[in-house]
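Asker: Chains as they are written, first to last, in my numbering: chain A, 714 to 1230; chain B, 211 to 257; chain C, 7 to 154.
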Amino acid sequence: FDDPPGLHEKTEFLLREWVNMYHSPAAGRDSTKAFSMFVGQMHQQGILKTDDLITRFFRLSTEMCVDLCYRALNEQTHSPTLIRAKCFHTLDAFVRLISLLVKHSGDSTNSVTKINLLNKVLGIVAGVLLQDHEVRNTEFQQLPYHRIFIMLFIELNAPEQVLDGINFQILTAFCNTFHILRPRKAPGFAYAWLELISHRVFIGRMLAITPQQRGWGMYAQLLIDLIKFLSPFLRNADLTKAAQLLYKGTLRVLLVLLHDFPEFLCDYHYLFCDVIPPNCIQMRNLILSAFPRNMRLPDPFTPNLKVDMLSDITHPPRIVTNFTNMIQPASFKKDLDSYLKSRAPVTFLSDLRSNLQVSNEPGTRYSIPLINALVLYVGTQAITYIHSKGQTPSMSTIAHSSHMDIFQNLAVDLDTEGRYLFLNAIANQLRYPNSHTHYFSCTLLYLFAEANTEAIQEQITRVLLERLIVNRPHPWGLLITFIELIKNPSFNFWNHEFVHCAPEIHKLFESVARSCT
Amino acid sequence: PGIDLTTLGLNLNSPENLYSTFQSPWADSPCRPQDIDFHVHSEYLTN
Amino acid sequence: PLGRQPLNKEHLYHLAMLDSSYHHLPHPSDSERLRHYLPRNPCPTAAYYPQLAPPGADTLDFFQRLSTETLFFIFYYMEGTKAQYLAAKALKKQSWRFHTKYMMWFQRHEEPKKITEEYEQGTYIYFDYEKWGQRKKEGFTFEYRFLE
């Protein structure tokens, strides 16, 4: 509804008053003196009388700040530094007002009013951004919004007692807002968005300082938002300069996570692999290469490395995703469980492919999340089954089970596209030494050894090779699997026709083999 | 073969964590000490 | 084996918006407090000049090897940053003390003539950041309560 008459003028007056008070030397430390005087003025002007007026005040203030920035940005004469100084002069003051109002709203122990106000303001700024994004389209500028969000985040994460008590709610409020403003919703804000979620204070709070890793799930969601945005462009591997820059920025952030928070990438790798396009090899390798910092990885190139003697391979990796729930529909899951238990119904295997197929369009025939979930579920059931017999996974113990029936059926029955996705789902489990890596490494080699056509063996080799010929890093499990494949004579690897189908292919195999052995 | 990730300006062999000096996804060098806001003693803010 | 995936209308819109925002990328300083002195004004320098800070430049050890004048420069002109914090630490290692009443650094010039629980009296060197120089002050009463 229309703003009440006079509110626009009143807000403009108040905002200008506050900006002057904020910058005056008499503002006091952290503007506390200025604030107590200004709140008086807000009361006088009746702004704090109702929730609706407060909402309108913030929306109008936000719009005024944004308009000021657009005017400054359109002044071509000034240098970018001067333009920024001019914008930040008002924006920073506005942010300070918001943070002081949040900190002082309600009584000091009542966090609900503080967080409510914060959510309201964040929602208002997000709303103004989205509307601006839609209206101005390619003329949209991210600067004012980026500045408001980052400075407000930094202000509300200052080491102050009242803030410490509500920090997790503050983080949640910002994550919700960033999720709403995710690149698929506001592509014109994507660069600022990635700058926000990769800021050292934000990463520090979300992944390092917040206890019990309570921020990890929210942060993972933001990364998934980013990858989902990039996915269609990565899928075709021909990036425009703008998309290339965003992709490179994403790799930088993932490298920081790989270096500082490998456990985070380990825990959420499954979700990330679900949204990374299958042909986006390097970024996926980067995530699969993460391993817990307390783990010492044996050199995969050690001659005669006895993988099955490693103690770590008896332990499952931590997976926070409930991938079982991803197996839909329920009737399919029921049949799957029944087949695993008693190899019935016999029609299960022949129906399997149609259960996985979702369209007839080449390239999108299959549901990748369903294939991933199926593979991991069957694999984990197999490991449990093998352990229940007091055994450990090996080329002999994984054979002749209903689990392997399913895998062999998929390898034989799926077309090239389906088989590629199926083999990728297996290769996505080849990570650091753990029971999944070991089981799926054996499974892939077993499928190679037992394949009844060379096409399957070739495709297994291709899936491994394409992951090895990209720049590092390479996951440990990938390396030991490929080394076993080319070194173990039982696979007769070098005698296959596809290894020699062209001189440069043969040379490629030899160079990869050389680098692996 | 993808990007040589060692050329992205991150010291991947650093014993320290990278995030606390991470400058930006678009920058290929870390922050300098004078770039990093720090909660110093309020008495230090002499200006 | 998956082949290409044609971009749909929404994807092309995303790309168009991304392309336009590509021309006004955020600058790292957008995520930092305004620097009243020494804002980031990168100006092109000769290519053979070092373009990156020397390794270890963000460690206390490095700061301790800087001259006192440099440390004062950093302390007063890079306030609110990690550099100021490290400079303060390095100055303390050189027996400088920050006196909050004068917002200046003081260093004992000689053994104080008088020492009590509250203060000590003697000759001090202090750094005058307004006139930008070190000065000697005789008979100065150094009150502990203003010690940062």
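C-beta atoms are modelled at their ideal positions from N, C-alpha and C, and glycine is treated no differently.
Nearest-angstrom Cα distance between H20(C) and I811(A)?
Answerer: Roughly 32 angstroms between the two C-alpha positions.
Asker: Output, in sequence order along the chain, the residues in the segment 228-239 of chain B whose CB is closer than 9 angstroms to any CB in chain A.
Answerer: Of all residues in the segment 228-239 of chain B, L228, Y229, S230, T231, F232, Q233, S234, P235, W236, A237, D238 have a Cβ within less than 9 angstroms of some Cβ in chain A.
Asker: Jot down the residue ranges of each uninterrupted beta strand (DSSP E) in the segment 104-129 of chain C, minimum 3 residues, whole runs only, in chain order.
Answerer: Runs of the beta strand (DSSP E) inside the segment 104-129 of chain C: 110-114.
Asker: Using a Cβ-Cβ distance cut-off of 8 angstroms, determine whether P243(B) contacts chain A.
Answerer: No - not a single Cβ of chain A is within 8 angstroms of the one on P243(B).
Asker: Report yes or no: is there a C-beta of chain C within less than 8 angstroms of the C-beta of T256(B)?
Answerer: At least one chain C Cβ lies under 8 angstroms of T256(B).
Asker: Buried or exposed: which applies to K120(C), given that a residue is buried once 16 or more other Cβ atoms fall within 10 Å of its Cβ?
Answerer: Label assigned to K120(C): exposed.
Asker: Could you check which residue in H249(B), D245(B), T216(B), Q233(B) has the C-alpha nearest to that of L909(A)?
Answerer: Nearest C-alpha to L909(A): Q233(B).
Asker: Given a limit of 8 angstroms on CB to CB distance, which residues of the segment 100-112 of chain C reach chain B?
Answerer: Residues passing the 8 angstroms Cβ filter: F104, T106, M109.
Asker: Who are the Cβ neighbours of P1082(A) in its own chain at under 8 angstroms, not counting the five residues just before and after it?
Answerer: If we look at P1082(A) and ignore the five residues flanking it on each side, its Cβ neighbours are D987, M1039.
Asker: Quick one: residues in its chain with C-beta nearer than 8 angstroms to the C-beta of S1154(A), no 5 flanking neighbours on either side, listed in chain order?
Answerer: Same-chain partners within the cutoff: V1020, L1143, G1190, I1193, T1194, E1197.
Asker: Does the beta carbon of P56(C) come closer than 8 angstroms to any beta carbon on chain A?
Answerer: No, P56(C) lies away from the interface with chain A (no Cβ there is under 8 angstroms from its Cβ).
Asker: Are the segment 735-744 of chain A and the segment 797-809 of chain A touching by the rule of at least three beta carbon pairs closer than 8 angstroms?
Answerer: The answer is yes - the segment 797-809 of chain A touches the segment 735-744 of chain A, with three or more Cβ pairs under 8 angstroms.
Asker: Let me see if you follow: with CB-CB separation under 8 angstroms, is D247(B) close to chain C or not?
Answerer: True, the Cβ-Cβ gap to chain C drops below 8 angstroms.
Asker: Taking E1163(A) and R1078(A) to be in contact with their CB atoms under 8 angstroms, please state how far apart those CB atoms are, rounded to whole angstroms.
Answerer: 25 angstroms between Cβ atoms; not a contact.
Asker: Compute the beta-carbon to beta-carbon distance between L1001(A) and P1011(A), rounded to the nearest angstrom, for a pair I have assumed lies under 8 angstroms.
Answerer: About 17 angstroms separates the two Cβ atoms, so there is no contact after all.
Asker: Quick one: Cα of F801(A) to Cα of L984(A), how far?
Answerer: Taking the straight line from one Cα to the other gives about 38 angstroms.
Asker: Is DSSP giving T1015(A) helix, strand or coil here?
Answerer: Here T1015(A) sits in coil by DSSP.
Asker: Would N1147(A) be called buried (16 or more neighbouring beta carbons within 10 Å of its own) or exposed?
Answerer: Classification for N1147(A): buried.
Asker: Identify which residue in I893(A), L843(A), L999(A), S749(A) has its Cα closest to the Cα of Y1145(A).
Answerer: Looking at the Cα atoms, L999(A) is the closest of the given residues.
Asker: Is it true that the segment 25-34 of chain C meets the segment 234-246 of chain B, where meeting means three or more beta-carbon pairs spaced less than 8 angstroms apart?
Answerer: Because the criterion of three Cβ pairs below 8 angstroms is met, the segment 25-34 of chain C and the segment 234-246 of chain B touch.
Asker: Using the Cα positions of G753(A) and I893(A), report the straight-line distance between them to the nearest angstrom.
Answerer: Each residue's Cα considered, the two are about 34 angstroms apart.
Asker: Let's test the definition: count the other Cβ atoms within 10 Å of the Cβ of N1035(A) and tell me whether it reaches 16, buried, or not, exposed.
Answerer: Burial call: exposed.
Asker: At the 8 angstroms Cβ level, is K954(A) part of the contact set with chain C, yes or no?
Answerer: Answer yes: the Cβ-Cβ gap between K954(A) and chain C drops below 8 angstroms somewhere.
Asker: Based on the DSSP output, what are the partners of L909(A) in its beta bridges?
Answerer: Answer is none; L909(A) lacks a bridge partner.
Asker: Quick check: the Cα distance between K816(A) and M864(A), rounded to an integer number of angstroms?
Answerer: When rounded, the distance between both Cα atoms is 15 angstroms.
Asker: On the DSSP bridge list, what partners appear for G139(C)?
Answerer: Looking at the DSSP assignment, G139(C) forms a beta bridge with D134(C).
Asker: Could you give the distance in angstroms between the alpha-carbon of I994(A) and the alpha-carbon of I1182(A)?
Answerer: Using only the alpha carbons, I get a separation of about 10 angstroms.
Asker: Between the segment 244-257 of chain B and the segment 86-102 of chain C, do three or more beta carbon pairs fall short of 8 angstroms?
Answerer: Verdict: yes, contact present.
Asker: Could you check where the alpha helix (DSSP H) with E1133(A) kicks off and where it finishes?
Answerer: According to the sequence provided, residue 1133(A) is Tyr. The question's Glu does not apply to it. Segment 1129-1140, the alpha helix (DSSP H) holding Y1133(A).
Asker: Determine, using beta-carbon pairs with one atom in the segment 944-960 of chain A and one in the segment 66-81 of chain C, whether at least three such pairs fall under 8 angstroms.
Answerer: No: fewer than three Cβ pairs fall under 8 angstroms.
Asker: Give every residue of the same chain whose Cβ lies closer than 8 angstroms to the Cβ of Y130(C), excluding the five residues on either side of it in the sequence, and list them in chain order.
Answerer: Excluding positions up to five away in sequence, the list reads F112, Q113, R114, H115, K142, K143, F146, F148.
Asker: From F887(A) to F974(A), what does the alpha carbon distance come to, in whole angstroms?
Answerer: About 21 angstroms.
Asker: Please classify F1222(A): does DSSP put it in a helix, a strand, or coil?
Answerer: In this structure, F1222(A) counts as helix in the three-state DSSP scheme.
Asker: With respect to the alpha helix (DSSP H) encompassing Y91(C), which residues constitute its N-terminal and C-terminal limits?
Answerer: Note, Y91(C): alpha helix (DSSP H), 88-99.
Asker: Residues of chain B with a CB under 9 angstroms from the CB of Y82(C): which are they?
Answerer: Going along chain B in sequence order, the residues near Y82(C) (Cβ under 9 angstroms) are T256, N257.
Asker: On the DSSP bridge list, what partners appear for T168(C)?
Answerer: Absent from the model: residue 168(C). The displayed extent of chain C is 7 to 154, so no value can be given.
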